[in-house]
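A short worksheet on the structure shown next.
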Amino acid sequence: MISNADIARILNEIAILLDMDGVVFKPRAYEKAAEAVGGADEPLAELHKQGGIKAVEQIPGVGKSIAEKIVTLIETGKLPYYEELHAKVPVDLGGLSAIEGLGPKNIKTLYHELGVRNVGDLEKAALAGKIRNLPHFGEKSEAKILKGIGFFKQSRGRIPLGVALPLMLEIEERLRTLRGVKRVAIAGSVRRRKETVGDGDILVISDQPDAIMDFFVAMPEVVHVHGKGHTKSSIKLAIGMDVDLRVVPAGSFGAALNYFTGSKDHNVALRRIAIERKLKLNEYGLFRGEAAIAGRSEEEVYDALGLPYIEPELREMTGELEAAAGGKLPKLIGYDDIRGDLQIQTTWTDGAHSIEEMAAEAQRLGREYIAITDHTKGLAMMGADEKKLREQMKHIDALNKKLKGFTVLKGAEVNIDKDGGLDIDDQTLAKLDVVGVAVHSHFNLTRREQTQRIIRAMENPHADILFHPTGRVLQKREPYDLDIDAVIAAAKRTGTILEIDAYPERMDLKDEHVRKVVDAGVKLSIDTDAHSVHHLDYLHYGIANARRGWATKADVINTKPLKQFLACLKDSKKR
DNA sequence: GCCGTTTTCGGCCCGACTGTTTTCAGTCG
């Protein structure tokens, strides 16, 4: 059965292929449809089975023509239209378009002129200096491609948490429902919520391991079985990630969970503590001589070592054992502690859903308030100007009258100009509830210029939050060169909040920076940067990052009820 | 190819930035 992800990938590739031929508008239609399909809750194959092509056509962005193509894919697993297009430029579109700076036109040129079919070919051509001679390429673009390839290679093997976690949770759920499974847990760096993970680890308690192993190695995503045994099996998934499954006895579950969660350094240190106490710690338990004195739960293991329970997100050997021994572990912000989401884009600019739709979904997810923060004019994508923002404010006022137990705040993601000025006048900013400021251009300024520019923006008396402070895109774009300590100091001085953008490709601020912010006593916000209703539940990625940075509930302003939250903002006194 | 509380036809985000050019193509957000 074809998955939504596969259908979405093919629709996206059609968009790229049409773009190559200079076709206008159609590519956008396919992209839009791909996004809708990728975000659909129910498998389209199932939807089609229930309601036929009509049900497929009900998906917004999918009309008659794309619905027919989707049905063809569901029924035959193939799509002649796509295959014909792809035959003209038979290249690895997914790989090549993942290289920053390579778009449809360049991919086409590289194929026709140099026969580049994949990233390997691309690297050879670039190293041989062939790319610089192509029309509209030069030495700089060749160098940029090589840098992009470096990024691509470096990221291969490491899977972003945003990709790994949903898949691991799905596998966990499948195993949980198997007969004979008493308990399942995800371990490894996925459990520690590292922003990228190398492989996956799953633990199961069961007295019928063989049936579980049979099921595990036969899952549809499995492309290779490294090994299969009674207590351990190891597979490779289609997304390139290895996953290990271990079946352990109930009495060892805590010790095994601790052992396989890591980090390695944390485990080594724990075993050292055990030795000091004349004990032995391994994945089967904590032992005094032959006798197991702990192992059923992690709490039991830590307790027997004279330590309080240490949350997985802290187990990185960055001081957690000393803090635990001294009773100074922070009470981390919880995954249910956020009340409001402060960065949300809508159809007023580049979002996929209306203010009403975003509000309804956020309320359904249990939020109490959201801020609508569409882009502003300096960002050249029909960003809002002062007039449009005033219109939107009126619209939101009217909407709030209809909502019960939920508030939509008026905000904007205001663009920071090259010199640190904001592209919306102060008069209009003063009327907004939440002013986010963000960098979207001039990524390559010197460290000094970039830092000064951002600090100047934070000095604006209306600038409440610095959105995605370092501008990185995981495995794709480096953060801009920035003196983060100076930015944190400026945040402290000006009362500006620093954001953790929870969007899985951003995770910005990153964990180490969060720790610095917390230490400096500067406040954080955790926001989804949602461009669609499907992004609104990304908050947990940001919360995980906050926890990895030792943040407590009190460090994060949008854990507060609405009124208290508003009182933390810069021009709250005027309210 | 999709869509419609101005439209079932005629719109559809468009401008900055980069690197290539000497007037602009391609990418990005």
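Residue numbering for the first sequence follows my numbering, beginning at 1172 and increasing consecutively.
Just so you know, even glycine gets a beta-carbon here, dropped at the ideal spot from N, CA and C.
Where DSSP assigns a beta bridge to E1670, which residues make up the other side?
Within the first sequence, the letter at position 499 stands for residue 1670. DSSP, once it has assigned bridges, lists S1696 as partnering E1670.
Following the continuous alpha helix (DSSP H) through I1206, name the residue where it begins and the one where it ends.
Looking up residue 1206 in the first sequence gives position 35. The residue asked about is misnamed: residue 1206 is Glu in this sequence, not Ile. That run of the alpha helix (DSSP H) goes K1197 to G1210.
Using 8 Å as the Cβ pair cut-off and three pairs as the minimum, do the region 1536-1549 and the region 1575-1589 touch?
yes
Would you identify the three-state DSSP class for K1365, choosing helix, strand or coil?
Counted from its first residue, the first sequence places residue 1365 at position 194. Coil.
For K1315, which of helix, strand or coil comes out of DSSP?
As a working note, residue 1315 is residue 144 in the first sequence. If DSSP states are grouped into helix, strand and coil, K1315 belongs with the helices.
In the DSSP assignment, the alpha helix (DSSP H) including N1183 goes from what residue to what residue?
For this step, residue 1183 is matched to residue 12 along the first sequence. Taken as a continuous stretch (DSSP letters only), the alpha helix (DSSP H) holding N1183 covers N1175 to M1191.
Assigned secondary structure, R1538 (DSSP; H/G/I helix, E/B strand, else coil):
For the purposes of this step, residue 1538 is taken as the residue at position 367 of the first sequence. In the structure shown, R1538 sits in coil (DSSP, three-state: anything other than H, G, I, E or B).
Please report how far the alpha carbon of G1425 lies from the alpha carbon of G1505, in whole angstroms.
As a position in the first sequence, residue 1425 is number 254, starting the count at 1. As a position in the first sequence, residue 1505 is number 334, starting the count at 1. Cα to Cα, the separation comes out at about 22 Å.
Thinking C-beta only, is I1330 closer than 8 Å to M1412?
Within the first sequence, residue 1412 is the residue found at index 241, counting from 1. Within the first sequence, residue 1330 is the residue found at index 159, counting from 1. Yes.
Limits of the unbroken beta strand (DSSP E) element including E1584
Along the first sequence, one-based indexing puts residue 1584 at 413. Start and end: T1578 to N1586.
For G1193 and G1274, the rounded distance between their alpha carbons:
For the purposes of this step, residue 1274 is taken as residue 103 along the first sequence, with counting starting at 1. For the purposes of this step, residue 1193 is taken as residue 22 along the first sequence, with counting starting at 1. G1274 and G1193: Cα-Cα distance of roughly 12 Å.
To the nearest angstrom, how far is it from the Cα of F1323 to the Cα of I1187?
Here residue 1323 corresponds to residue number 152 of the first sequence, with the count starting at 1. Here residue 1187 corresponds to residue number 16 of the first sequence, with the count starting at 1. Approximately 19 Å, taken between the alpha carbons.
Could you have a look at F1458 and say whether DSSP puts it in helix, strand or coil?
By 1-based counting over the first sequence, the position of residue 1458 is 287. Looking at F1458 - three-state DSSP - the assignment turns out to be strand.
Short Cβ contact (8 Å threshold) for A1628 with V1606:
What you label residue 1628 is simply residue 457 of the first sequence in a count that begins at 1. What you label residue 1606 is simply residue 435 of the first sequence in a count that begins at 1. Cβ distance not < 8 Å, so A1628 and V1606 don't count as in contact.
Confirm, please, whether the CB-CB distance from G1591 to Q1623 is below 8 Å.
Indexing the first sequence from 1 puts residue 1623 at position 452. Indexing the first sequence from 1 puts residue 1591 at position 420. The answer is yes: Cβ separation under 8 Å.
My assumption, with CB atoms under 8 Å, is that T1723 sits in contact with L1710. Please give the rounded CB distance.
Counting from 1 along the first sequence, the entry for residue 1723 is found at position 552. Counting from 1 along the first sequence, the entry for residue 1710 is found at position 539. Incorrect: roughly 17 Å between the Cβ atoms, too far for contact.
For the candidate residues N1571, P1479, N1729 and I1320, whose alpha-carbon lies nearest to that of A1494?
Here residue 1494 refers to the residue found at position 323 of the first sequence. Closest option to A1494, Cα to Cα, is P1479.
The beta strand (DSSP E) that contains R1350, what's its start and end?
Here residue 1350 refers to the residue found at position 179 when the first sequence is read from its first residue. Per DSSP, R1350 belongs to no beta strand (DSSP E) and is neither H nor E.
Contact between the region 1459-1470 and the region 1417-1432 (3+ Cβ pairs under 8 Å):
yes
Rounded to the nearest angstrom, what separates Y1430 and R1442 at their Cα positions?
Numbered from 1 along the first sequence, position 259 holds the residue referred to as residue 1430. Numbered from 1 along the first sequence, position 271 holds the residue referred to as residue 1442. About 10 Å.
Measure the C-alpha to C-alpha separation of V1260 and V1287 and round it to an integer number of angstroms.
The residue given as residue 1260 occupies position 89 in the first sequence. The residue given as residue 1287 occupies position 116 in the first sequence. For V1260 and V1287, the distance between alpha carbons rounds to 10 Å.
For D1545, which three-state DSSP category applies?
As a working mapping, residue 1545 is identified with position 374 in the first sequence. It is coil, neither helix nor strand.
Please go through the same chain and pick out, in chain order, the residues whose beta-carbon is closer than 8 Å to the beta-carbon of P1231, but skip the five residues on each side of it.
Looking up residue 1231 in the first sequence gives position 60. So the qualifying residues of the chain are A1207.
Can you tell me which of K1220, I1668 and M1678 puts its alpha carbon nearest to the alpha carbon of V1693?
Mapped onto the first sequence, residue 1693 falls at position 522. When each option's Cα is compared against that of V1693, the closest is I1668.
Just how far apart, CA to CA, sit R1354 and E1491?
One-based indexing of the first sequence puts residue 1354 at position 183. One-based indexing of the first sequence puts residue 1491 at position 320. The alpha-carbon atoms of R1354 and E1491 are separated by roughly 28 Å.
With a threshold of 7 Å, establish whether the CB of G1193 neighbours any heavy atom of the ligand NAP.
In the structure shown, the ligand NAP is absent, as is every other ligand, since no ligand is present at all.
Please go through the same chain and pick out, in chain order, the residues whose beta-carbon is closer than 8 Å to the beta-carbon of A1179, but skip the five residues on each side of it.
Position 8 of the first sequence, counted from the start, is the residue given in the question as residue 1179. The residues are A1205, E1206, V1208 and G1209.
Using a threshold of 8 Å, state whether the C-beta atoms of R1486 and R1363 are closer than that.
Translated into the one-based positions of the first sequence, residue 1486 becomes position 315. Translated into the one-based positions of the first sequence, residue 1363 becomes position 192. Their beta carbons are under 8 Å apart, which means R1486 touches R1363 by this criterion.
If you draw a straight line from the C-alpha of R1619 to the C-alpha of E1246, how long is it?
On the first sequence, residue 1619 is found 448 positions in, with the first residue counted as 1. On the first sequence, residue 1246 is found 75 positions in, with the first residue counted as 1. Going by the C-alpha atoms only, they are around 58 Å apart.
Using the C-alpha atoms, what's the distance from N1289 back to K1681?
One-based indexing of the first sequence puts residue 1681 at position 510. One-based indexing of the first sequence puts residue 1289 at position 118. Approximately 31 Å between the Cα atoms of the pair.
Close-in-space but distant-in-sequence residues of the same chain around L1317 (CB under 8 Å, 5 per side omitted)
Mapped onto the first sequence, residue 1317 falls at position 146. These residues qualify, in order along the chain: E1294, A1297 and L1298.
Neighbourhood of K1403 by C-beta, 8 Å cutoff - its chain only, sequence neighbours within 5 removed:
Along the first sequence, one-based indexing puts residue 1403 at 232. Cβ within range, chain order: D1415, L1416, R1417 and V1418.
Between S1268 and I1278, what straight-line distance do the alpha-carbon atoms span, to the nearest angstrom?
Working through the first sequence from its first residue, we reach residue 1268 at position 97. Working through the first sequence from its first residue, we reach residue 1278 at position 107. Using only the alpha carbons, I get a separation of about 8 Å.
Could you tell me which residues DSSP pairs with V1419 in its beta bridges?
As a working mapping, residue 1419 is identified with position 248 in the first sequence. BP columns for V1419 point to I1376.
DSSP three-state label for T1517, please.
By 1-based counting over the first sequence, the position of residue 1517 is 346. Of the three classes helix, strand and coil, the one that applies to T1517 here is coil, per DSSP.
Starting from D1370, follow its DSSP beta bridges and name the residues at the other end.
What you label residue 1370 is simply residue 199 of the first sequence in a count that begins at 1. Answer is D1413.
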